[in-house]
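K.L.:
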Amino acid sequence: MEQAASAYPVVAHGVGLSLGSASLPSVDYLNKVEEVLAKLGALNYSEHLAFTKSASLDSSQLLPVPRTPEARNILIENVASVQRQISLPFLIENITYYFDYAGPQMAEFSFISEIADATGCGILLDIENLYINSVNHKFSTQDFLSGLPRESVRAAHVAGGGEHNGVLIDTHDRPPREGTLCLLREVCSRWDLATIILERDEGVDDPYCIIEDLDLIRSGIHSDGPGNTPAIPG
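All letters in the sequence shown, in the order written, are residues 121 to 354 by this note's numbering.
1) Could you check where the beta strand (DSSP E) with Tyr165 kicks off and where it finishes?
2) Tell me the DSSP secondary structure of Arg305 in three-state form.
3) Check each candidate in Asn285, Cys241 and Ala279 and name the one with the smallest Cα separation from Ile317.
4) Would you call the segment 323–340 and the segment 250–262 in contact, with 3 or more CB pairs under 8 angstroms?
5) Considering just the uninterrupted stretch of the beta strand (DSSP E) at Ser180, what are its terminal residues?
6) What is the rounded straight-line gap between the Cα of Pro186 and the Cα of Glu167?
7) Around the C-beta of Arg270, are 16 or more other C-beta atoms found within 10 angstroms, so that it is buried, or is it exposed?
8) Enumerated in chain order, which unbroken segments of the alpha helix (DSSP H) with a length of 4 residues or greater are wholly contained in the segment 267–347?
9) Between Arg294 and the rest of its own chain, which residues show a CB-CB distance below 6 angstroms, the 5 nearest in sequence each way excluded?
10) Buried or exposed for Asp237, going by 16 or more other Cβ atoms inside 10 Å?
11) If you pair each beta-carbon of the segment 201–214 with each one of the segment 157–167, do three or more pairs fall below 8 angstroms?
12) Take the Cβ of Arg338 as the centre, count every other Cβ of all protein chains shown within 10 Å, and call the residue buried at 16 or more, exposed below.
13) Does the segment 262–277 come close enough to the segment 297–312 that 3 or more CB-CB pairs lie under 8 angstroms?
14) Straight-line CA distance for Leu183 to Leu169?
15) Is the separation between the beta-carbon of Ala125 and that of Leu160 shorter than 8 angstroms?
16) Which ranges would you report for the alpha helix (DSSP H) in the segment 229–258 if only whole runs of at least 4 residues count?
17) Name, in chain order, the residues that DSSP records as bridge partners for Glu213.
18) Per DSSP, what kind of secondary structure is Ala142 in: helix, strand or coil?
19) Mind checking whether Thr239 and Ala200 have CB atoms under 8 angstroms apart?
20) Please report the straight-line C-alpha distance between Leu137 and Phe171, rounded to a whole angstrom.
21) Should Gly189 be labelled buried (16 or more other beta-carbon atoms within 10 Å of its own) or exposed?
22) Going by other Cβ atoms of all chains shown within 10 Å of its Cβ, with 16 needed for buried, is Leu336 buried or exposed?
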């Protein structure tokens, strides 16, 4: 990684911070993150708006946080804790979720926006996650995008996913779907993103597929006119 970092700009992304846990992020964990960031000369550090562990459980999975004022306040405190220890810009990422908690829930864009406004952190907008959630939970992507702070969205993730029994799944094992590329184009019309990252974790027996995915993303950004991709939800 250090060799690659000497030749290319690097951004750092984590999966184990458990920002949504009730306790503050581990100082030891952040110390290790800080060492890696320094070695790689990373431009920023991002993490998922999720929790992976509680006092007695380590799920090793990105679990959704209840979108309540109480959880929002915990996340604001935890994000601020990260920012106090790590001097690089810190970004939070929206995740996929396949269920909603019982009881009143804030709109996801309001939940994310209030955390970003309170802490000054950036938003890493995962476009595939947004598309999946909008289809599975039947909400408007236009309302979601319009509800985000214009100055906070700084980067995006794009990936491909599957489907099971009519439910869209975030799998990172195939080319980006047309609906996600259409949504990417909408996002790029609203924000001048510093970084767009392809996520491809599986299905890479032929490394050339990465180049094909990148070509799809480039064509998705620059595609013009109606009919090239399906309408995005909302």
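Think of the CB as a built atom: it goes at the ideal place given N, C-alpha and C, for glycine as much as any other residue.
P.N.:
Walking through what the data contain:
1) Going by DSSP, Tyr165 is part of the beta strand (DSSP E) stretching over Tyr165 to His168.
2) helix
3) For Ile317, the nearest C-alpha among the options comes from Ala279.
4) no
5) Note, Ser180: beta strand (DSSP E), Asp178 to Leu183.
6) 17 angstroms
7) Answer is exposed; the Cβ neighbour count stays below 16.
8) 298–310 and 328–342
9) Gly280 and Gly323
10) exposed
11) Result yes; three or more Cβ-Cβ pairs closer than 8 angstroms.
12) exposed
13) yes
14) Annotation: Leu183 to Leu169 spans about 9 angstroms, alpha carbon to alpha carbon.
15) yes
16) 247–257
17) His168 and Leu244
18) coil
19) Result yes, Cβ atoms of Thr239 and Ala200 sit closer than 8 angstroms.
20) Cα to Cα, Leu137 sits roughly 8 angstroms from Phe171.
21) Looking at the sequence itself, residue 189 is Pro, so the reference to Gly does not match. Pro189 is exposed by the Cβ-count criterion.
22) buried
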